[in-house]
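Structure first, then comments.
Residue numbers (the working numbering): 308 to 510.
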């Protein structure tokens, strides 16, 4: 009886000792998630280093390759895509180039009109109509026809003027002065008209 009791005590002590030495591994799911998060952050950092970063006034952050800035347009392509896209550069606060250079485009968000206001923009070829007004921007627009020959220089000119009035509305201009126009109506080529204007504001 004493031997049996002694054996039970020894077994109980050994069992307690073994439990005390058990080492529970970390939660495998948590470890995997943390590793994935670190990997994603590392990839994002690397991607950001290989691209230019556009910061818009509304808080949007874009990783792109900036091509150029011309008039009110910013041309860019997305990583891995050769297609060139265009956006209104006045919506951009700053650009952080991959070289480390930082360019501030607009300190504050612009007061951009609704495009629907373009019909209020006047068009003139008389410099006297814009005398004393404030010059806002120089704009250009190109209208191309089709190879079927349906377009005429006049219809293309009307299309170009609509585009110019829309652009003028975006820069809060009230009137545009046509400064130059070029037509391409050579036989065998697609007809096109390019118009150049200077946009003015009353105030």
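Every residue gets a Cβ at the ideal spot worked out from N, C-alpha and C, and that includes glycine.
- Here residue 448 is actually not in contact with residue 499; their C-beta atoms are around 11 Å apart, not less than 8 Å.
- Ranked by Cα distance from residue 425, the options 474, 397, 379 and 385 are led by 474.
- If you draw a straight line from the Cα of residue 416 to the Cα of residue 365, it is about 8 Å long.
- Membership of residue 399 in the beta strand (DSSP E) is indicated by the continuous run 399-403.
- In chain order, 428, 443, 444, 506, 507 and 508 place their CB closer than 8 Å to the CB of residue 480, counting only its own chain and leaving out the 5 sequence neighbours on each side.
- Less than 7 Å separates the beta-carbon of residue 399 from that of residue 412.
- The segment 413-451 contains no complete alpha helix (DSSP H) run of 4 or more residues.
- DSSP, read as helix, strand or coil, puts residue 508 in strand.
- Under DSSP, residue 476 takes part in no beta bridge, so it has no partner.
- The distance from the Cβ of residue 405 to that of residue 359 is about 6 Å, consistent with a contact at the 8 Å cut-off.
- In this structure, the straight-line span from the alpha carbon of residue 489 to that of residue 375 is close to 24 Å.
- With respect to the 7 Å criterion, residue 482 and residue 504 are not classified as neighbours on the basis of their beta carbons.
- Taken through DSSP and simplified to helix, strand or coil, residue 471 comes out as helix.
- Of the other Cβ atoms in all chains shown, fewer than 16 fall within 10 Å of the Cβ of residue 465; this residue is therefore exposed.
- Cα atoms of residue 390 and residue 439: separation of roughly 42 Å, rounded to the nearest angstrom.
- As computed with DSSP, residue 363 is found in a beta bridge with 399.
- According to DSSP, residue 490 shares a beta bridge with 500.
- With respect to residue 381, residue 371 sits apart: the two C-beta atoms are not nearer than 7 Å.
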